[in-house]
Amino acid sequence: MRINFTRNAHISRLAAMALVAFSFFQLPVGAQSSRESNETIVPGATALVGLASGDMLRFTAFNPAKTESGRPNEPISLQLKLYDAHGDVIAESPQIEIPPGEFRSVDFNQDQLGGASAPGSRNQVRTFPLWGLRARGRLSVTTSLEIVQSSTGSSHLWFLTVEALP
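For the sequence shown, the working numbering gives the first residue as 711, with consecutive numbering after it.
So this is what it looks like as structure tokens:
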């Protein structure tokens, strides 16, 4: 039996070159979200507020422990977007998770907002919450919107609502 070493070496070189060539290409990779795929995004009620220099906008939401039908609730997520008077997004919060029976707050300092107004004037903003829901029953999420003065720490409650979701 005769072995053809030159032919096997040629095949080995071709395989090595193919392996090197494929290592230069990157395939598109999509990381899977840790969030369940059955989450529904629901837009919430908007509010209009004016922020003066040194003010902080605080949006607080409460996720009830039970749905309206009395079943135990699941965590919900919240992302808050702020729009200027022209309808452009000037800030958005990270998506936060609110466990059942708990509340979370999102804060925005007026001085850090994109498109901030001139000193001594007010910046008109519109809030737009996006709710991520996995619960099957309706639930009532209580929200509040307040303006906190950074210099004194005092706050004024501007907006209080109970949103029936979805």
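From the three backbone atoms N, C-alpha and C, an ideal C-beta is built for every residue, glycine too.
Keep in mind the model is a prediction, meaning the values are calculated, not measured.
For N748 and G842, I'd like the C-alpha separation in whole angstroms.
Taking the first residue of the sequence shown as 1, we reach residue 748 at position 38. Taking the first residue of the sequence shown as 1, we reach residue 842 at position 132. C-alpha separation (whole angstroms): 10 Å.
For D821, which residues from the same chain have a beta carbon less than 8 Å from its beta carbon, with the 5 sequence-adjacent residues on both sides left out?
Taking the first residue of the sequence shown as 1, we reach residue 821 at position 111. S763, G764, listed in sequence order.
Element boundaries [beta strand (DSSP E), containing L788]:
Here residue 788 refers to the residue found at position 78 of the sequence shown. Element bounds for L788: 786 to 793.
So for Q834, helix, strand or coil by DSSP?
As a first step, residue 834 is located in the sequence shown; it is residue number 124 there, counting from the start. The answer is strand: DSSP assigns Q834 an E or B state.
Starting from the Cα of E802, find the closest Cα among V816, H796, P810 and give me that residue.
Mapped onto the sequence shown, residue 802 falls at position 92. Checked all of V816, H796, P810; the closest Cα to E802 is V816.
Span separating the alpha-carbon of L823 from that of R723
Mapped onto the sequence shown, residue 823 falls at position 113. Mapped onto the sequence shown, residue 723 falls at position 13. Approximately 59 Å between the Cα atoms of the pair.
H866: first and last residue of the uninterrupted beta strand (DSSP E) it sits in
As a first step, residue 866 must be located in the sequence shown, where it is residue number 156. Taken as a continuous stretch (DSSP letters only), the beta strand (DSSP E) holding H866 covers 865 to 875.
Grouping DSSP H, G and I as helix and E and B as strand, with all else coil, what is R844?
Working through the sequence shown from its first residue, we reach residue 844 at position 134. R844: coil per DSSP, three-state reduction.
Determine the contact status of T837 and F769, defining contact as a CB-CB distance below 8 Å.
Position 127 of the sequence shown, counted from the start, is the residue given in the question as residue 837. Position 59 of the sequence shown, counted from the start, is the residue given in the question as residue 769. For T837 and F769, yes; Cβs fall inside 8 Å.
Neighbourhood of Q789 by C-beta distance below 8 Å, restricted to the same chain and skipping five residues each side
Position 79 of the sequence shown, counted from the first residue, corresponds to residue 789. Excluding positions up to five away in sequence, the list reads E802, S803, P804, Q805, I806, P839, L840, G842.
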